[in-house]
Amino acid sequence: MEPKRPLIIAGPCSAESEEQVLATAHALASTGKVDILRAGVWKPRTKPNTFEGMGVKALPWLKKAKEQTGLPLAIEVANTSHVESAMKHDIDIFWIGARTTSNPFSMQEVAEALRGTEKMVYVKNPTSSDIELWCGGVERLLACGVKNLGLIHRGFAGYGSGDLRNAPMWHIALEMRRRMPDLPIICDPSHICGNREYIKDISQQAADLDYDGFMIESHINPDMALSDAKQQLTPEAVAKLVESIKWRAGESASQAYQMTLMSLREQIDSLDGEILQLLAERMSVAEDIGRIKRDNDVRILQSLRWESIAERTLARSASLGLSIEFLQTLLDAIHVESINHQNKVMKE
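Sequential numbering of the sequence shown, starting at 18, is according to my numbering.
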């Protein structure tokens, strides 16, 4: 049977008390919009002396919430003891957190603990923008006989993420989907945003990119939450969010649509060809510059010149309709390739 789509997983960042867990679970279940109840039991925090979850004590609360609401349970596990405790308390679904995915030693330990399980296991992207770590985490689970796998995109840590807590870097998630097309991928807008103000926009972007669902943090009283209060929604807000998302068709059978799309794609292909040709010509000129520098015993890197190019180009971002982030990435790639071409002729 095909899994439900979109799949909605929701619940508190942390299971703080039996009353809070049950109240949140019942409120989410009553909306009819939530498929799975999530909660943080063990909370790996960045700094010590902060709330790190209630641990094993919280597992009976979750089991009771499942019995009373009928919602399956999902929790994060990060080591062998977590897995063993979760299994004893009838947890249905596991996810591997970003910090665990980032550490191959921890990832291997969890994979061994889950060896052969038929339960669903989701793997969050690592904190860094290293797709190989994400792939490696999935491959370790597969090697241990874990077959029911999925991906969670929760954004990537990095300096200068702007208003968002973690940069989405959608292209990495899309590349992961290309590499592992059989795995469902859901978005965690709560951790990408870090602020409930932006969750709707990020969720709609994920829907437009054909994600399979969401994992959303929800608390019966978000402002009183002991962890990540700003990014949690009330159960009622979760329901409104789910209702507001527009899930668009993958394609249209309309002949007019198909003809128009074909024409526009042909334009894209032509423009891409021109861009590549111009880049090749630019690198040829860079090689000529490299030869001049070599013959005059001048070093390759001329920082002031490159800073001038970058400043001039970035200043045009608004008039070009291009984001500064995109232009910066493009400029960095061009700069590295230019240096490589100059370095090649320097060695001739």
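All C-beta atoms, glycine included, are put in the ideal place defined by N, C-alpha and C.
query: Indicate the three-state DSSP secondary structure (helix, strand or coil) for Cys152 in the structure shown.; result: helix
query: Should Ile108 be flagged as near chain C, meaning a C-beta pair shorter than 8 Å?; result: No chain C is present in this structure, which holds just one protein chain.
query: From the DSSP output, in three-state form, read off Met18 for me.; result: Caution is warranted here: a pLDDT of 45 is assigned to Met18, below 50, making its placement in the model unreliable, and no coordinate value can be reported.
query: For Cys210, which residues in the same chain have their Cβ closer than 7 Å to its Cβ, ignoring the five residues on either side in sequence?; result: Leu181, Arg182, Ile216, Ile219, Gln248
query: Starting from Ser235, follow its DSSP beta bridges and name the residues at the other end.; result: Leu250
query: CB-CB under 8 Å to Ala254, same chain, minus the five flanking residues each way: which ones, in chain order?; result: Arg213, Ser235
query: In chain order, what residues of the same chain lie with their CB nearer than 7 Å to the CB of Glu126, ignoring the 5 residues before and after it?; result: Asn96, Thr97
query: Distance, Cα to Cα, Cys161 vs Leu131?; result: 8 Å
query: Taking the alpha helix (DSSP H) that Ile326 belongs to, which residues open and close that run?; result: 320-331
query: Throw me the rounded Cβ distance for the Ile25 and Phe231 pair, which I believe falls under 8 Å.; result: 6 Å
query: Buried or exposed, going by whether 16 or more other CB atoms sit within 10 Å of the CB of Pro252?; result: buried
query: Thinking C-alpha only, which one of Pro143, Val155, Asp107, Asp147 is nearest Glu129?; result: Val155
query: Is DSSP giving Val140 helix, strand or coil here?; result: strand
query: Does the Cβ-Cβ distance between Val73 and Phe111 come in under 8 Å?; result: no
query: Could you give the distance in angstroms between the alpha-carbon of Met18 and the alpha-carbon of Leu339?; result: Bear in mind that the predicted position of Met18 carries a pLDDT of just 45, short of 50, making it too unreliable to give a figure here.
query: Taking the beta carbon of Trp78 as the centre, do at least 16 other beta carbons fall within 10 Å, making it buried, or is it exposed?; result: buried
query: Determine the DSSP secondary structure at Cys30, reduced to helix, strand or coil.; result: coil
query: Provide the residue(s) that pair with Arg213 in DSSP beta bridges, ordered along the chain.; result: DSSP, once it has assigned bridges, lists no residue as partnering Arg213.
query: Taking only the alpha-carbon atoms, compute the straight-line gap between Val58 and Asp109 and give it to the nearest angstrom.; result: 14 Å
query: The beta strand (DSSP E) with Trp112 in it runs from where to where?; result: 110-113
query: Check whether the segment 30-42 touches the segment 80-87, counting contact only when three or more Cβ pairs, one atom from each stretch, lie closer than 8 Å.; result: yes
query: Pick helix, strand or coil for Phe173, following the three-state DSSP scheme.; result: strand
query: Please go through the same chain and pick out, in chain order, the residues whose beta-carbon is closer than 7 Å to the beta-carbon of Gly114, but skip the five residues on each side of it.; result: Pro61, Glu93, Ala95, Lys141
query: Taking the straight line between their C-alpha atoms, what separation do you get for Arg22 and Leu45?; result: 18 Å
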